[in-house]
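Colleague:
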Amino acid sequence: MKDSLSELYPIEFILTCKKCELIVNAIREQSLEPRTSDLYWIFKGKMSHRTLDKHVKELVSQGYLRRFVGNFSGEISFLLLPDQIYIDMMEKDPSRKWEFVKNSEMFVSDCKILYENWEDILSFKCPNCNKKELTPHYEDVVPQEKKYKNRRVKGEINWTCDLCDFTHTTPIRTF
Numbered sequence: 103m104k105d106s107l108s109e110l111y112p113i114e115f116i117l118t119c120k121k122c123e124l125i126v127n128a129i130r131e132q133s134l135e136p137r138t139s140d141l142y143w144i145f146k147g148k149m150s151h152r153t154l155d156k157h158v159k160e161l162v163s164q165g166y167l168r169r170f171v172g173n174f175s176g177e178i179s180f181l182l183l184p185d186q187i188y189i190d191m192m193e194k195d196p197s198r199k200w201e202f203v204k205n206s207e208m209f210v211s212d213c214k215i216l217y218e219n220w221e222d223i224l225s226f227k228c229p230n231c232n233k234k235e236l237t238p239h240y241e242d243v244v245p246q247e248k249k250y251k252n253r254r255v256k257g258e259i260n261w262t263c264d265l266c267d268f269t270h271t272t273p274i275r276t277f
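So for the sequence shown, our numbering puts the first residue at 103; every next one is plus one.
Here it is in structure tokens:
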């Protein structure tokens, strides 16, 4: 069974445009890549097709949605890119970085895999002492194969604070 995006990315998306925010959070609640017709059905009576199309176009241009055209049906479907939304949310409010790291293992894994500057993206002030900037460090766990939630762990990202003995570990799993 496929995990829903809301399980993998538990923090609700916050965007400056409230209609765009409604759209991405509705997609986040789904466990599928919605087609245009699905979005029309979800927002029936709440948003006109024209308004919905305008905001979807805006989300695609911002890099929050990726647009695909089906080979046989020709129907347009969308892939939500939650990592980009989370990164933009953290840039607007850096104090929330710890919340993202603590609550979304998938986001941490994706940052490590997809971005060269993942250490900068995932560094935050220590939540206990609030004095030291914590930089993540990656460690391989391959020799001893750990199991975590029925998935093999291939590495761990650790944050440690020398001042107050704070530690946090996020497993990097194979999916």
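Glycine residues also receive a C-beta, built at the ideal position from the N, C-alpha and C atoms. Source: prediction; values computed, not measured.
Just curious, the alpha helix (DSSP H) that Arg-152 is in, first and last residue?
Modeller: Looking up residue 152 in the sequence shown gives position 50. That run of the alpha helix (DSSP H) goes 151-164.
Colleague: Between the Cα of Leu-340 and the Cα atoms of Thr-118, Phe-226, Leu-181, which residue gives the shortest distance?
Modeller: The requested residue 340 does not occur in the structure, where the chain is confined to residues 103 to 277.
Colleague: Could you check where the alpha helix (DSSP H) with Arg-130 kicks off and where it finishes?
Modeller: In the sequence shown, residue 130 corresponds to position 28, counting from 1. Start and end: 120-131.
Colleague: Nearest-angstrom Cα distance between Gly-257 and Asn-205?
Modeller: Within the sequence shown, residue 257 is the residue found at index 155, counting from 1. Within the sequence shown, residue 205 is the residue found at index 103, counting from 1. Each residue's alpha carbon lies about 18 Å from the other.
Colleague: Are there 16 or more other CB atoms within 10 angstroms of the CB of Val-210, so buried, or fewer, so exposed?
Modeller: Translated into the one-based positions of the sequence shown, residue 210 becomes position 108. Per the 10 Å Cβ criterion, buried.
Colleague: Can we say the segment 264-273 touches the segment 230-239, given the rule of at least three CB pairs closer than 8 Å?
Modeller: yes
Colleague: The beta strand (DSSP E) spanning Ser-179 covers which residue range?
Modeller: Sequence index remark: in the sequence shown, residue 179 carries index 77 (1-based). First-last of the beta strand (DSSP E) with Ser-179: 178-182.
Colleague: Taking all protein chains shown into account, do 16 or more other C-beta atoms lie within 10 angstroms of the C-beta of Met-103, making it buried, or fewer, making it exposed?
Modeller: As a working mapping, residue 103 is identified with position 1 in the sequence shown. Legend: pLDDT at Met-103 = 38, less than 50; position of this residue unreliable, no value from coordinates given.
Colleague: Can you say whether Ile-274 is buried or exposed, counting buried as having 16 or more other CB atoms within 10 angstroms of its CB?
Modeller: Sequence index remark: in the sequence shown, residue 274 carries index 172 (1-based). Buried: at least 16 other Cβ atoms inside 10 Å.
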